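When we follow my numbering, the leftmost residue of the sequence shown carries the number 313, and every step to the right adds one.
Backbone N, C-alpha and C fix where the C-beta goes; we use that ideal spot for every residue, glycine too.
The model shown is predicted, which means the values in this text are computed figures rather than measured ones.
Heads up, the thing below is written out as structure tokens.
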Amino acid sequence: MRVVVDRYTSVLHRLLPVGGADTGAGVQVLVPGGGAFGLVFGAGDLSGWWQGERPDHTCRAIVPAAALDAVASGRSTGSSVVMSGGVDLEGDWTRMHRAASGRRFRTYARRIADGFGGAPREPEPPTDADPVDVVAVLAAPNDGNGALSPMALERLAVTVAELERDPAARLVLTGGFGSQFNTTRRPHWYYSGAWLAARGVSAERVAARLETRHSYDDVLFLHDLAGRVPLRRTVVVTSDYHAERVAFLLGQVLPAAEVRAVRHSLVDPAMLDRLRRHDIAALSSTVAATMLFGPDRLSARPVSGGDRVWRFPETEGT
């Protein structure tokens with residue numbers, strides 16, 4: 313299907329030369345109709361490309377027509393298609409996130425996203441408000457009674473330290489509902505906020521409560537917040553095993569944000585090892601999805617739930 317290859321190569325033609333010196337890694341992409349092209353990476357960024365098949369690739373992605381249609385139609389995001397197995401990935405993708413973190417790759421990814429409905433745009437905050445620093449803490453599990461897990465407590469302890477370090481900074485709480493972290497009737501941010509309030513973090517310091525479902529939601533809601541509030545400095549608190557994936561996601565849509573990686577002493581080491589392995593696989597899938605479809609976007613802008621709460625419209629689910 314020539315038009316599919318052209319969608320990619322027309323972007324690459326405008327950005328880069330064919331080939332690429334000092335090749336560190338090559339990614340081959342096969343699309344419906346026998347089309348193929350490749351991306352060349354070196355020195356931490358996209359450095360060139362080729363059209364057609366070549367044997368000397370590090371990784372390969374085989375993209376069926378159904379995956380392209382699902383993303384182009386807006387029925388699915390690129391990351392959900394890849395993570396659900398809708399694209400066949402071959403080779404060692406674990407090394408690709410560093411190569412795919414450069415400026416040229418970000419430009420390529422955003423232009424590819426335009427062909428699949430558009431990438432998140434640069435935030436355009438109001439000009440009549442003073443810029444603020446924010447510290448955003450990403451959600452970790454709570455139990456069925458709302459008790460916070462050791463992982464959540466250690467993230468919150470680092471959040472308190474960040475807020476004490478910058479007394480003018482505002483707090484952003486994240487986390488709504490999800491089978492993997494919160495199955496109660498209240499959003500996760502409610503329990504985090506209550507714990508912080510008991511330790512002297514006043515409600516007035518809360519800039520936003522983001523009712524998110526997963527890591528990509530967290531990043532995209534923060535990006536949306538940056539279009540409502542002028543953010544001067546954004547610090548995102550998460551676990552060390554999760555930090556590289558969050559940094560990659562932020563790099564695509566909010567590159568000025570900083571990540572604070574929390575090392576856990578209260579979490580079972582075997583659990584941390586499982587989570588680390590899961591995140592390595594998830595990061596590989598996220599990088600592949602970004603190469604193929606560009607960064608994810610929100611299908612609907614978050615709406616106000618009152619009291620600085622931002623959530624999906626009801627048609628988007630919980």
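Query raised in the report: Under a three-way DSSP split, which group does Val549 fall into?
Result: The answer is strand: DSSP assigns Val549 an E or B state.
Query raised in the report: CA-CA distance, Arg416 and Asp404?
Result: 22 Å
Query raised in the report: Alpha carbon to alpha carbon, what distance is there between Leu468 and Arg433?
Result: For Arg433 and Leu468, the distance between alpha carbons rounds to 30 Å.
**Report entry** Spatial neighbours of Ser596 in its chain, beta-carbon cut-off 8 Å, leaving aside the 5 residues before and after
**Finding:** Closer than 8 Å at Cβ, skipping near neighbours: Leu401, Trp405, Thr406, Met408, His409.
Query raised in the report: Who are Trp361's beta bridge partners in DSSP?
Result: Val330, Leu351
Query raised in the report: Could you give the residue range of the alpha helix (DSSP H) that holds Glu556?
Result: 555-565
**Report entry** Three-state secondary structure assigned by DSSP to Asp318
**Finding:** helix
**Report entry** Cut-off 6 Å between Cβ atoms - residues of its own chain near Glu523, not counting five sequence neighbours on either side
**Finding:** Gly488, Pro499, Arg623
**Report entry** Same chain, Cβ closer than 6 Å to Gly429, five either side skipped, listed in chain order
**Finding:** Gly386
Query - Beta-bridge pairing of Ala573 - partner residues as DSSP gives them - result: Thr550
Requested in this report: Look at the Cβ atom of Met282, then the Cβ atom of Val341, and state whether they are nearer than 9 Å.
Outcome: Missing from the structure shown is residue 282; the chain here goes from 313 to 630 and no further.
Query raised in the report: Where Gly347 and Val393 are concerned, what is the direct C-alpha to C-alpha distance, given to the nearest angstrom?
Result: 20 Å
Query raised in the report: In chain order, what residues of the same chain have a beta carbon less than 8 Å from the beta carbon of Ala569, not counting five sequence neighbours either side?
Result: Setting aside the 5 residues that flank it on each side, Ala569 is surrounded in the same chain by Leu534, Thr546, Val547, Val548, Leu562, each with a C-beta closer than 8 Å to its C-beta; the list follows chain order.
Query - Beta bridge counterpart(s) of Ala337 as assigned by DSSP - result: In the DSSP assignment, Ala337 forms a beta bridge with Phe353.
Requested in this report: Output the boundary residues of the alpha helix (DSSP H) element that contains Asp585.
Outcome: Here the alpha helix (DSSP H) through Asp585 covers 581-605.
Requested in this report: List the whole-angstrom C-beta distance separating Val399 from Ala373, where the pair is believed to meet the contact cut-off of C-beta under 8 Å.
Outcome: 6 Å
Query raised in the report: Ends of the alpha helix (DSSP H) at Ala473?
Result: 462-477
Query - Extent of the continuous alpha helix (DSSP H) run through Ser388 - result: Ser388 -> no alpha helix (DSSP H), and no H or E assigned at all.
Query raised in the report: With respect to the beta strand (DSSP E) encompassing Val615, which residues constitute its N-terminal and C-terminal limits?
Result: 615-618
Report task. Put Gly445 into one of helix, strand or coil per three-state DSSP. Result -> First, the residue type needs correcting, since residue 445 is Asp and not Gly in the sequence shown. In this structure, DSSP gives Asp445 an extended state, which the three-state scheme calls strand.
Query raised in the report: Which residue spans inside the segment 470-536 form an unbroken beta strand (DSSP E) run of at least 3?
Result: 482-486, 518-522
Query raised in the report: What's the gap between the Cα of Leu328 and the Cα of Ser359?
Result: 7 Å
Query - Local conformation of Glu626 per DSSP, three classes - result: helix
Requested in this report: Find the nearest neighbour of Ala450 within the set Ser461, Pro462, Gly364, Val484, judged by alpha-carbon distance.
Outcome: A small correction: the amino acid at residue 450 is Leu; Ala does not occupy that position in the sequence shown. That would be Val484, whose Cα lies nearest to the Cα of Leu450.
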